[in-house]
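Novice: Sharing a structure below in structure tokens format, with a few things to ask.
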Amino acid sequence: MRKKAINGLILAGITLAGCNTDTTNSSQTETGAASTAAVSTPDPIRGASLFATNCAACHGQEGMGSDQGPPLIHRIYQPSHHDDFAFYRAVSGGSRQHHWQFGDMPPVPGVSVKDTADIIAYVRQQQRRAGIE
0 MRKKAINGLI
10 LAGITLAGCN
20 TDTTNSSQTE
30 TGAASTAAVS
40 TPDPIRGASL
50 FATNCAACHG
60 QEGMGSDQGP
70 PLIHRIYQPS
80 HHDDFAFYRA
90 VSGGSRQHHW
100 QFGDMPPVPG
110 VSVKDTADII
120 AYVRQQQRRA
130 GIE
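The opening residue of the sequence shown carries number 0 in numbering that gives the first Met the number 0; numbering runs sequentially from there.
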């Protein structure tokens, strides 16, 4: 339920651009989630294609990392440490370097909130397949 509530808050129109992009403390609550609009279920298949187009150059094919960016299929990015909201923030506003030595992550232009939800669904699916939950 928490994941759907967070997605609902994001898709209801919360603007993330310009917010603090420090993802080391990205806690959130479900307050107000019941009043958000209905959310379509994120699509990990569509997310795989979007990931390949928008994320793989840095995070590697299938999220395994590259010399340009860290692996997302790693325990550091498990939901209990980097929740979905941290991914939304990183895509929309960038993220300061904090776990790896790749430099700051810039925002990813042209990736909508729906696109981000689908990418997150794909990454979480890959994490579960790797035993990261």
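For glycine and all other residues, C-beta sits at the position ideal for the given N, C-alpha and C.
Tell me the DSSP bridge mates of S48?
Specialist: Partner(s): none; S48 has no beta bridge.
Novice: Determine the burial state of I118: buried for a count of at least 16 other Cβ atoms within 10 Å of its Cβ, exposed for fewer.
Specialist: Buried, because 16 or more other Cβ atoms sit within 10 Å of the Cβ of I118.
Novice: Contact defined as beta carbons within less than 8 Å: I believe R95 pairs with D82. What is the distance between those atoms, to the nearest angstrom?
Specialist: Going by Cβ atoms, the distance from R95 to D82 rounds to 17 Å, so no, they are not a contact pair.
Novice: Could you check how far apart the C-beta atoms of G64 and Q125 are, in whole angstroms? I think they sit under 8 Å.
Specialist: Between Q125 and G64 the Cβ distance is about 12 Å, and since that is not below 8 Å, they are no contact.
Novice: Helix, strand or coil: how does DSSP classify S94 here?
Specialist: It is a strand residue.
Novice: For M104, which residues does DSSP report across the bridge?
Specialist: S94.
Novice: Note down the Cα distance separating Q60 from R128, rounded to an integer number of angstroms.
Specialist: Q60 and R128: Cα-Cα distance of roughly 15 Å.
Novice: Does DSSP classify H58 as helix, strand or coil?
Specialist: Three-state DSSP puts H58 in a helix.
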